[in-house]
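Taken in order, these protein sequences are the chains called A and B. Numbering-wise, my numbering puts 364 at position 364 of the first sequence, and it's gapless, one number per residue. Numbering-wise, my numbering puts 1067 at position 67 of the second sequence, and it's gapless, one number per residue. Virtual Cβ for every residue (Gly too), placed ideally from N, Cα, C. Each remark here refers to the structure printed beneath this line.
2 protein chains.
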Amino acid sequence: MQRVSVDEFRRSGLAMVVPVSGVESIPLGDASSRISSREVRSRLPLPWFRRSAVDGYALRAEDAKLPLTVVAKVTAGRPTDRVVGPGEAVEITTGAPMPEGADAVALVERSRRTGDTVVIDEPVGPGAHVSPVGEDFGVGQLLLATDAPVTPIVVASLASQGQEMVEVWRRPRVAILSTGDELMPLGSELSHGQVYDVNGAILEAMVREAGGEPVRVPPVADRYEDVRDRLRALIADPEWDILVSSGGTGASIPVFEGRDIRTLHDLIPGVAAELGELIHHGIRMSPGRPTALARIGQRPFFALPGWPYAVLVHFEMLVEPAIRRAAHRPPRVRRPVVGRLSSPIPAMPDFTWVIQARFEPGEEGVPSVIPLLPPPPPSASRVMTQMLEADGILIVEADEPLATGTSVTVWTDPQDPAGGSW
Amino acid sequence: MQRVSVDEFRRSGLAMVVPVSGVESIPLGDASSRISSREVRSRLPLPWFRRSAVDGYALRAEDAKLPLTVVAKVTAGRPTDRVVGPGEAVEITTGAPMPEGADAVALVERSRRTGDTVVIDEPVGPGAHVSPVGEDFGVGQLLLATDAPVTPIVVASLASQGQEMVEVWRRPRVAILSTGDELMPLGSELSHGQVYDVNGAILEAMVREAGGEPVRVPPVADRYEDVRDRLRALIADPEWDILVSSGGTGASIPVFEGRDIRTLHDLIPGVAAELGELIHHGIRMSPGRPTALARIGQRPFFALPGWPYAVLVHFEMLVEPAIRRAAHRPPRVRRPVVGRLSSPIPAMPDFTWVIQARFEPGEEGVPSVIPLLPPPPPSASRVMTQMLEADGILIVEADEPLATGTSVTVWTDPQDPAGGSW
């Protein structure tokens, strides 16, 4: 099977995703950053009653030049039934409902009160300081569009309608499967040769950040039959929308004992091809060339390699866009920072090379970009340390080496405090 | 009391905040974006055993030129006790523990196997394709600093230690108090003149976004005695860190009946001055000049005006920085977008004017910025509609009017999809 480009792999993954159709009705207070599953329009205009915009006296504008008799008082939430007649005024506070008969409000600071009589010191036109019904919005105003996020302002607009609940898309459920005999759950004691399931933990955290709901599945051993049984069970299980595995995508001795490995795909892709449809196996990307994409149980299955850095990068570049589409979310925003390379990067023709990078202060305010290249073999890599030290990633597609001083873009988290604030 | 600048008000608020000292131990899978309360260093090196970086044969490098006898097989998670002697090799897979006696691994693709004998086709140096203990990091490596956010990479590094739980600062508890006789809970039936508690809903959503835990308190009526009783109860209640109210900061007729309003602060600030210490009342900022800051029960109390737009802006500019400091978080990141004004903005000398703004495509790729100015009196304002339409806010400090075409900065949400993606 031919290795495909990052773009082709990502497009294939996105094309397989069906945005979730399930809906949840949740309390407004818990809805921040969830995605609306249907548009909401106003049922109540805002304001829904004619109200005063200031503290003062409600009156008939035509009477404002006369001394007026104060016949009642209304405050916010405490209306009056008294109709304002000729020569009369009603004391009124900001936000209080206008009494019938009055068509304007005179400002308290432009009035003189003596007992029950008030004199207004300036002309008052009809409608002055009165908010008519629907001044802010009328019935049928769009408050929340389908597929839009619930922001604090949306919360406010729905609250103005008295709405306690809001309908949002359920989060896509992403099943997470780690493969390897050596994997042990966190908190357990390790025997010689065993390690903790780091990839499961990375994927769980990243699925949440992408707006998905992680569904952890116990790790499966590196044996064809075990993997096949597990994938069969997953195919029969309707409780996931997208499946992501880590490990088992490269040829391995114990897996294919007695088989001709040239006619078989590797472990996970091989089982996926047997039980479903293998779309891609191999991507022109470093790290993580043996990543695979399949369709099993009518759903997308991303089979990532086992190295944590490959899991991180492939998730961000291939899986996260799919989860976000399933969640009715736009692609995630990254903050591009331009800097100059502090050391060269070798060519890797026809490949997308994702390299972690750190910033240091550079000349003329342009940051210096330190590429954290993997060490050459025979060493394996200090990937976890590099990931902890990195400020962002470089995406390099270079047929020629990049020289020191080349201008490059590092993609960073927009929430990074270095991003700036007002 | 003198109106102060936005900067002075914000600095006073920040100075009153004590970062929370309470700690929670939570499962790693729930910790994304929480803030670490103490540094974590590695107890286990990574890898914690000598392992193979490839599939191949573990051997003594000095023997690699000889035909070797394959005496055992190790796979990840399945070590062997067999010590590799002279002329011997052990079949090994990626990540599997190196057997004793062997000091190098030969690649499977550079070997020929016949029965129990294997011939290696290239020279193999000592240490080739072996990851020594601690190659990635040793014991004592900093995995998570105090006050740093728990990112997916941090989750991965803690998972490599088998750590199931992580200690984070508890979220600061922010009590939310709305004032007004007219306020009704969401979902209730409204009588004439009543409205829903929009500000309570905005504040709840924004407190959550700031990393706080909202504590809703029932609304209180606009009466001095009611407010005093409620604040007294809050002072006796240890279950909040910051108090935020909306409404009741401007002079109001029913409140001060029978009092001399020139010697009293307004409702909420007046009660705060009686029961605690009033630090500021009045800010040179539009919207929302009568905002107040007080200390009650040894804690900061932000008394915001009642207009939803003022609540939104004052929360973002004054209260959110305080909540984030209490939460041990850096200031929130905003994305500045530079554009050109599509219409003039009048001067407002010595004031900070916060204006909502919308973008439209402009000339030469520079967006056109449409300032959403409040309509002039006698109208009240279409603030909710403007908030729903705005793409960001302008912060204007202009002694002179700003002409059409002036270059201005609009502050937007860095998560806005218009921000760009790779």
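Close-in-space but distant-in-sequence residues of the same chain around residue i (CB under 6 angstroms, 5 per side omitted)
i         : result
Val220/A  : Thr179, Asp226, Val227, Arg230
Ala89/A   : Tyr57, Leu59, Leu68, Val70, Val118
Ser1025/B : Met1165, Glu1167
Pro1346/B : Pro1401
C-beta contact flag for residue i and residue j at 9 angstroms
i         : j         : result
Arg170/A  : Val354/A  : no
Thr69/A   : Gly1306/B : no
Ser52/A   : Ala61/A   : no
Asp1266/B : Arg78/A   : no
Ile1235/B : Gly1248/B : no
Ala327/A  : Val18/A   : no
Leu144/A  : Ser36/A   : yes
Thr1388/B : Ile296/A  : Note that residue 1388/B corresponds to Leu in the displayed sequence, not to Thr. No, these two residues do not count as a Cβ contact at 9 angstroms.
Per-residue burial, residue i [other beta carbons within 10 Å of its own, 16 or more giving buried]
i         : result
Arg329/A  : buried
Glu1400/B : exposed
Arg112/A  : exposed
His281/A  : buried
Thr1352/B : buried
Lys73/A   : buried
Gly1138/B : exposed
Gln997/B  : Outside the displayed range of chain B (1001 to 1422) lies residue 997/B, so it cannot be described from this structure.
Val4/A    : buried
Gly270/A  : buried
Pro1047/B : buried
Met1/A    : exposed
Gln1161/B : buried
Ile1253/B : In this predicted model, Ile1253/B has a pLDDT of only 44, less than 50, meaning its place in the structure is not dependable; the value taken from the coordinates is given anyway. It counts as buried.
Gly288/A  : buried
Arg1173/B : buried
Val1338/B : exposed
Pro149/A  : buried
Glu122/A  : exposed
Neighbourhood of residue i by C-beta distance below 7 angstroms, restricted to the same chain and skipping five residues each side
i         : result
Phe49/A   : Pro97, Val133
Ala1357/B : Val1369, Ile1370, Pro1371, Leu1372, Ala1390, Asp1391, Gly1392, Ile1393, Leu1394, Val1410
Pro414/A  : Val333, Arg334, Arg335
Thr1404/B : Leu1341, Ser1342, Ser1343, Pro1344
Asp116/A  : Thr69, Val70
Glu204/A  : Ile176, Pro214, Arg216
Arg1232/B : Leu1275
Gly127/A  : Asp103, Ala104
Ile202/A  : Pro308, Val311, Leu312
Arg38/A   : Thr146, Glu167
Thr1080/B : Ala1072, Val1074, Val1090, Pro1099
Cross-strand partners of residue i (DSSP beta bridge)
i         : result
Ile370/A  : Arg358/A
Val90/A   : Ala58/A, Ala72/A
Gly1281/B : At residue 1281/B the sequence reads His, which differs from the Gly that was named. Note: His1281/B sits in a beta bridge opposite Ala1292/B.
Met348/A  : According to DSSP, Met348/A bridges with nothing at all.
Trp1411/B : Pro1336/B, Ile1393/B
Thr1249/B : According to DSSP, which records beta bridges pairwise, Thr1249/B is partnered with nothing at all.
Pro47/A   : Note: Pro47/A sits in no beta bridge, so no partner.
Leu1243/B : Ala1175/B, Phe1301/B
Trp307/A  : For Trp307/A, which the question treats as bridged, DSSP gives no partner whatsoever.
Beta-carbon neighbours of residue i, restricted to chain C and to distances below 8 angstroms
i        : result
Pro414/A : The displayed structure is made up of protein chains A and B, and chain C is not among them.
Same chain, Cβ closer than 8 angstroms to residue i, five either side skipped, listed in chain order
i         : result
Arg324/A  : Ala210, Gly211, Pro330, Pro331, Arg332
Leu14/A   : Pro321, Ala322, Arg325
Asp1350/B : Arg1284, Asp1399
Leu66/A   : Gly87
Pro1361/B : Pro1367, Ser1368
Leu1190/B : Met1184, Tyr1196
Ser286/A  : Met348, Phe351, Thr352, Trp353, Val354
Arg1262/B : With a pLDDT of only 41 at Arg1262/B, under the threshold of 50, the placement of this residue in the model should not be trusted, and no figure is reported.
His129/A  : Ser52, Ala53, Val54, Gly56, Ala104, Val105, Ala106, Leu107
Cβ-heavy atom distance, residue i to the ligand NAD, below 8 angstroms
i        : result
Gly405/A : The ligand NAD is absent from the structure shown, which contains no ligand whatsoever.
> Does the pairing of the region 1306-1321 of chain B with the region 1186-1195 of chain B give three or more beta-carbon distances under 8 angstroms?
Replying inline: The answer is no - the region 1186-1195 of chain B does not touch the region 1306-1321 of chain B, with fewer than three Cβ pairs under 8 angstroms.
> Is the region 201-214 of chain A in contact with the region 1025-1042 of chain B, if contact means three or more CB pairs nearer than 8 angstroms?
Replying inline: Three or more beta-carbon pairs drawn from the region 201-214 of chain A and the region 1025-1042 of chain B are found closer than 8 angstroms, and the two stretches are therefore classed as touching.
> Touch check for the region 1284-1303 of chain B and the region 1231-1247 of chain B: three-plus C-beta pairs under 8 angstroms?
Replying inline: Cβ pair count under 8 angstroms is three or more, so yes.
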